[in-house]
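Read through the structure below, which is laid out as structure tokens, and then see the notes.
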Amino acid sequence: MATTKRKVSVSLDEDLVEELESGSEALSTQVNEAVRMEIERRRRHRHLGELLDELEALHGPVDEALVQRYVDLLA
Numbered sequence: 157m158a159t160t161k162r163k164v165s166v167s168l169d170e171d172l173v174e175e176l177e178s179g180s181e182a183l184s185t186q187v188n189e190a191v192r193m194e195i196e197r198r199r200r201h202r203h204l205g206e207l208l209d210e211l212e213a214l215h216g217p218v219d220e221a222l223v224q225r226y227v228d229l230l231a
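Under the working numbering, the residue at position 69 of the sequence shown is numbered 225, and the numbers go up by one with no gaps.
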């Protein structure tokens, strides 16, 4: 099933346009994919926040020292 497309006008930084135009895919295809990925990232981030809120309500606040320990592991 094809997704309905809607033509819109956006302004992009010149360096981004140059990078996108150097690729083999159409500019619209690349922008559409990038926007879709960003929306999904934001959705996951929002759901993670909701989950963390639920866990805090059930189990109390998180030990900040423990959080920092895991943040340090990711750095």
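A virtual CB, placed ideally from N, CA and C, is assigned to each residue, including glycine.
Residue i: first and last residue of the uninterrupted alpha helix (DSSP H) it sits in
i	result
R197	L183 to H215
D228	E220 to L230
Within 8 Å, strictly: CB atoms of residue i and residue j
i	j	result
E212	V218	yes
L172	L183	no
Coarse secondary structure for residue i, derived from DSSP in three states
i	result
L168	coil
Interface flag, residue i vs chain B, CB-CB below 8 Å
i	result
D209	Judged by its chain identifiers, the structure shown contains no chain B, having just a single protein chain.
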